[in-house]
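Notes follow once the structure below has been shown.
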Amino acid sequence: MNLQKITIRCCVCFLMLIITHVSKAHTMWIESSYQGHIGQEQQVKIFFGEFSIDMITPAQKWFSDIADCELMLLTPDGARRTLSKVREENCYTASFTPESEGWYLVYLEHLVKDLYQGMRITYQALSWVKVGSPTGLPDVPSPFSDGKLILPPQTPFELNTSAEVALLRNRAPVVSQRFTLTANNGWRKSLRSGKESGKASTELIFPAKYLYEWSENIPVGNDAEKVQPEHRSDYVNMCYFFSL
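Under mature numbering (1 follows the signal peptide of the UniProt record, and there is no 0), the letters of the sequence shown match residues -25 to -1, 1 to 219, in that order.
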């Protein structure tokens, strides 16, 4: 076997590894601006794709039934309502108009109908919108079925400034929990929440789109809990987006 053939085979293997990684890294996220204003329409977008390489999947080609996800709004007074979404070429769009000061939470949670490589996937995505000058951080129960929630920083994300978020489950800090912060240019950093506070921070050193990801892959060993014979785990992926 000559050197050229060896090189070609190595390249093919490398590309296959990349493709495998990309297929497993697809996720859903919500994009909306951090700052909102009373009486002004707030735009919201839902995406599906591989965030780290800025690869967006066309909306008509989304996996399984994830296009049927329900987009929800939690208002400062605790009211919840469904936001109507419209399909665009690469995303779904929606909007709402804040009527009062406070924190607004746009979110979705979708249990995917079809298994993917033995995983039953639940996508969770959220976006916090701050309107006016509310006192303190949001103090609300998690709208997600597993009680998890990522709290935003008190002030907008800024370049060359540490961004701090907090991980909660059932309103209590989740301590020493690993999660990631990824930029859409391929940069990624592993974070761990504080041993007591459940908070983690990192300095933002370049403008980009960013995504916090808090993932859990729970093995399913009991046949009675499997939805299909090949069902091996329940994968839950929570995403919180922001941009600079």
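Idealized CB from N, CA, C, for every residue including glycine.
All values reported here derive from a predicted model rather than from experimental measurement.
Q) To which residues does DSSP link Thr68 through a beta bridge? A) Lys20, Val61
Q) By DSSP, does Phe26 sit in helix, in strand, or in coil? A) helix
Q) Which value, in whole angstroms, describes the spacing of the CA atoms of Leu126 and Val61? A) 27 Å
Q) Can you tell which of Glu133, Leu124, Ala158 has the C-alpha that lies nearest to the C-alpha of Leu142? A) Leu124
Q) Sorted by chain position, which residues of the same chain lie with C-beta nearer than 6 Å to Lys184's C-beta, five sequence neighbours on each side aside? A) Asn159, Ser218
Q) Taking the alpha-carbon positions, what's the Asp198 to Leu90 distance? A) 15 Å
**Q.** Straight-line Cα distance separating Glu74 from Tyr9
**A.** 16 Å
Q.
I'd like the span of the beta strand (DSSP E) that includes Gln203, first residue to last.
A. Element bounds for Gln203: n/a, residue is neither H nor E.
Q: Write down the C-beta distance between Ile96 and Tyr210 rounded to the nearest angstrom, noting that I regard them as a contact closer than 8 Å.
A: 5 Å
(Q) What residue range does the beta strand (DSSP E) around Ile5 cover? (A) 2 to 6
Q: Could you name the residues of the same chain whose beta carbon sits closer than 8 Å to that of Leu58, not counting the 5 residues immediately before and after it, in chain order?
A: Val19, Leu46, Met47, Leu48, Ala69, Ser70, Phe71, Val81
Q: Determine the closest residue to Ser151 out of Glu76, Glu133, Ile5, Ala175, with distance taken between C-alpha atoms.
A: Ala175
**Q.** Sequence-distant residues of the same chain with beta carbon closer than 7 Å to Gly161, five excluded per side
**A.** Ser27, Ile28
(Q) Please list the terminal residues of the continuous beta strand (DSSP E) segment that includes Lys184. (A) 184 to 194
Q) Taking the C-alpha atoms as reference points, what is the distance between Ile31 and Pro128? A) 27 Å
(Q) Please classify His(-5) as buried or exposed, where buried requires at least 16 neighbouring CB atoms within 10 angstroms. (A) At His(-5) the pLDDT is 40, less than 50, meaning the model places this residue with poor confidence; the figure from the coordinates comes in the next sentence. That one is exposed.
Q) What separation, rounded to the nearest whole angstrom, lies between the Cα atoms of Leu134 and Thr177? A) 11 Å
Q. Which of the three DSSP states, helix, strand or coil, is assigned to Ala141?
A. strand
Q. Taking the beta strand (DSSP E) that Trp174 falls in, what are its first and last residues?
A. Residue identity check: residue 174 is Lys in the sequence provided, not Trp. Lys174 -> beta strand (DSSP E) spans 174 to 178.
(Q) Tell me the DSSP secondary structure of Asp43 in three-state form. (A) helix
Q.
Buried or exposed, going by whether 16 or more other CB atoms sit within 10 Å of the CB of Thr2?
A. buried
**Q.** Exposed unless 16 or more other CB atoms sit within 10 angstroms - verdict on Glu84
**A.** buried
Q: Enumerate in chain order the residues of its own chain whose CB-to-CB distance from Ala100 is below 6 Å, with the five nearest sequence positions on each side excluded.
A: Met3, Trp4, Ile5, Leu83, Cys214
Q. Who are Arg163's beta bridge partners in DSSP?
A. Thr157
Q. Using DSSP with H/G/I as helix, E/B as strand and the rest coil, what is Ala100?
A. strand
Q.
Is the beta carbon of Phe216 closer than 8 Å to that of Ser102?
A. yes
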